[in-house]
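Residue numbers (the numbering used here), protein chains in the order written: chain A, 1 to 304; chain B, 1 to 268. Even glycine gets a Cβ: it sits at the ideal position worked out from N, Cα and C.
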Amino acid sequence: MVDRAEAPAPLIRQPGIGALLLSWLRSPGVLNATPVLIFFLIGFVGPLVIVLAFSFTPERTFDLGAGFTTENYEHIFTESYYISFIWSFALAGLTVLCNLMIGYPIAYGLSKLFGRWAAPVMLVLVIPLFVSENVRLFGWYLFLIKGGGILAGGLKTAFGIDTGTLLYEPGTILMGMIYVYLPFTLFPIVLGLSMVPRDQVEASRDLGASRFQIFREVELPIAMPGILIGALLTFVLAVGAISEAKLLGGQNTPVIAQDIQHEFTYAQNWPLGSAISVLAIVVTGFLVVLVMRRLDLDRLLGRR
Amino acid sequence: MESKRWVIWLIAVWTGVIALFLYIPIFSVITSSFGKSRYFRFPVKAWSDKWYDQTLGANLTTDLHLTSFYVAGCVALIAVVLGFFGALAFARYNWRGRQFYQRLIMLPIFFPQAVLGLALLLWFTYVGVLPSWEAAVFAHLVWIVPIVTLVISIQVYGFDAAQEEAAYDLGASRWQAFREVTLPALAPGLFSGALFAFLLSWGNFPLSTFTTGADSTVTEWLYTKMGSGYTPMIPTMGALSVFGAIVILFGGYMFLIVQRRRRLERGD
C-alpha cells in the first residue's frame, strides 16, 4: 500500500464535479436520450417497482400498506404453481432449439445465397408477423380441429384416412410457439450472418478448411451476437406466451402467463400473481443481462 | 466462392416449405370465413359471403376496428417522435453512458409481454389511471418505443453527420439544417418505424388485454370469442384484420416507392 500522505496531490483540480455534470447533461447525446429515459422511468421502472412491492404484501390484499410477508413466494413452491414454471421454461427452451435449427439455413440463404431474391423472400416471411397472433393461432385451430378441420377433412376426402385431433397436446403448443416466434429467431440471425465477410470465408477455404470447419470456426463465432439476440428474444417471448396454451392446448398444459392472468382476474389474488411475475422476471432478466453484456450493438446494427 | 448448386436448391426448398407453413393458418382463416354453414367443416360444401355482410353491418365491427385504429395510430405517432430522439442518442452522438443507455432501453423488448401488461395495470391502479384505450396506448408504447428506436437507429448509423456540418458551414440555421438535411435523410427510417409501430400495436394482445378496460380491440374480442366456441364471425373478423394489415403494409410500401421516385426526379 502506498502511503496516502506521500501520494502527489493533483496539480490542477479543474473542472469541478458540478461543472462536469452540467456539461455532461448539456451534451447532445444526453439531451436526445432524455425523453426516452423519462418515458422508460415512468413506463417500465415504475411498474416493476410496484409489482415487486405487491409481491410482498399479504394474500388477497389490494393495498401496499397491508404489511410485509414472503408467504406468496412460499405458495409458489408448496401449491404446485412451480409446475407452470417447468412447463413454460421447457416449452420456451425447446422452441428456441427448434427455431435455431429451422431458421439457420433460411437465414444463411437470405444473407448469402438468394442475392436479389432475398428482399422479396424476406417480405414474404415478414407479412404473417403483422397479422395478429390470435388470428393466426385460430387458423391453426381450424386447421387441426377434429372431424371438420382442414387437415382431418382434407385427409379424409383425399385419401379416406380418419385421423383423431392433434389439438390439446403439449406438442401442439410447441408447434404453435415455433410458428409464432420463428421470425423473431430468424431476423436477428440474418443480421448476424450478414456480418460475416465473404473474403474471410474464401480465405479459410483457400487455406483448406472444410465446409464444417468454416461453419464452426468462422461463420458461427462472427454471427454469434445475432444468434444470441434471436435465441434470447424467442426465449423471453415464449416464456410470456399466453394464447398458444389456451387456444391450442385447451388449458391442459399450465403455463406461467396463464397463472398470472388467473390470479389477477378470477382469483383476485394480486400479491400471488405479483410473486409469480417477479420470479419470471428474475429468471429471464438474469439471462438477458448475461447476454447483453457480451454484445456490441454498434457493430451489430451499424456494421462498424 | 460458389456454393454447390444442390445446396442452394435444398435451402431454397426448405425456405419455401417454411414460408408455406407460415401461411397455413392465414389460409385456414380466410377459407373458413367464406364457408356458408354455421359450423366450419372442411371440405367446404357451399361458399358464401353472407358472414361478411353480417359482420360488416354490425356496429360492433366498426367499434372494435376504430378502437384498434385509434390505439395503433397514436402509438405510431408518439413512438416515432420519441424513437427519433432516442435513436440520435443511440447511434449518432458519442457520449458517456451511451453503452449503458443502449442496453437499458432494450430491456422492455426482452421482457415477457403478459408480465409487462400486468405490471402496467398495477401501476395504473396505483397512480389512479383508469384502464382505457388511452392507457393501452401508453402500455403499447413501453414495448414499441424501444423497437422503433432500434429501427430508426439503423438508419441513423448510415447517416453521414458531415452533411449536417456542411449545411451549417453554408449558413443554415439549426432548424434549417434539421429540416432540409437531417430529416429527409432519416425519413425512410422514420417511416418504417411508424409502420412497424402501427402494425405491432394493431396485432398486439398481451398488453391490450390488461390495459384497455372496457374498450375492446379486435384482437381482444377474438380471444374472448375463441374461448367461448366457434361462430362464423370469428374467422370473418380475423380475415378482415388480415386484409387490413395487407392494405396498410402495401400502402406503406407504395408510398415509400413513390417518395423515392419523386426524390430521384428532383435529382437529390
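DSSP, reduced to helix, strand and coil, places W47/B within a strand of the structure shown.
When secondary structure is reduced to three states using DSSP, G238/B falls in the helix class. Going by DSSP, V218/A is part of no alpha helix (DSSP H) at all; its letter is neither H nor E. Just measuring C-alpha positions, the residue of V196/A, M195/A, L151/A, L41/A sitting nearest L120/B is L41/A.
In the structure shown, the three-state DSSP call for G240/A is coil.
I276/A and I256/A have their alpha carbons spaced roughly 8 Å apart. Between the alpha carbons of G189/B and M254/B lies a gap of roughly 15 Å. Look at P232/B: its C-beta is not under 8 Å from any C-beta on chain A. Neighbours of Q102/B in chain A, taken as residues at a C-beta separation under 7 Å, are given in chain order as L297. For the stretch 99-133 of chain A, the set of positions with a beta-carbon nearer than 9 Å to some beta-carbon of chain B reads I102, G103, P105, I106, Y108, G109, L110, K112, L113, F114, W117, V121, L123, V124, L125, V126, I127, P128, L129, F130, V131, S132, E133 in chain order. Listed in chain order, the non-local C-beta contacts of F56/A below 7 Å within the same chain comprise F68, T69, T70, local neighbours out to five positions each way being set aside. Approximately 6 Å separates the beta-carbon atoms of I11/B and L113/A; this is inside 8 Å, confirming the contact.
Two segments are said to touch when three or more pairs of C-beta atoms, one from each, lie closer than 8 Å; by this definition the stretch 99-110 of chain B does not touch the stretch 168-180 of chain B. Going by DSSP, M106/B is part of the alpha helix (DSSP H) stretching over 98-106. By a beta-carbon distance limit of 8 Å, P235/B contacts V29/B. Their separation comes to about 5 Å. Taking the Cα of M226/B as reference, the smallest distance to any Cα among F286/A, I86/A, L295/A, A245/A is reached at A245/A. Per the DSSP secondary-structure output, G35/B pairs in a beta bridge with W47/B.
Taking C-alpha positions only, V180/A is separated from L290/A by approximately 25 Å. Distance check between M175/A and each of Q200/A, L137/A, D296/A places L137/A closest, using alpha-carbon atoms only. At a beta-carbon threshold of 8 Å, the residues of chain A lying near T149/B are V36, ordered along the chain. Contact holds between the stretch 130-140 of chain B and the stretch 208-222 of chain B, because three or more Cβ pairs, one in each stretch, are under 8 Å apart. For E74/A, the secondary structure class from DSSP, reduced to helix, strand or coil, is helix. When C-beta atoms of the stretch 27-47 of chain A are compared with those of the stretch 133-149 of chain B, three or more pairs fall below 8 Å, so the two segments count as touching.
Judged by beta-carbon spacing, V236/A lies beyond the 8 Å limit of T185/A, meaning their Cβ atoms are not closer than that value. In its chain, beyond the 5 residues on either side, L110 have a beta carbon closer than 7 Å to the beta carbon of M122/A. Taking CB atoms only, Q113/B has a neighbour in chain A less than 8 Å away. In the three-state reduction of the DSSP assignment, K4/B falls in the coil class.
Nearest to N269/A by C-alpha distance, out of P58/A, S23/A, L21/A, is P58/A.
In terms of Cβ geometry, I127/A and L56/B do not form a close pair [threshold 8 Å].
If only complete runs of 4 or more residues are kept, the stretch 16-74 of chain A shows the alpha helix (DSSP H) at 17-26, 28-40, 46-54, in order along the chain. With contacts defined by Cβ atoms closer than 8 Å, A87/B and A194/B do not form a contacting pair. Residue I145/A holds the alpha-carbon nearest to the alpha-carbon of T172/A among I145/A, V196/A, F215/A, P188/A. With contacts defined by Cβ atoms closer than 8 Å, L129/A and P183/A form a contacting pair. Burial is judged here by how many other beta carbons sit within 10 angstroms of a residue's own beta carbon; N32/A has at least 16 and is buried. Contacts between S277/A and chain B, judged by CB atoms closer than 8 Å, involve V115, L118, A119 in chain order. A straight-line Cα-Cα distance of about 10 Å links P271/A and D63/A.
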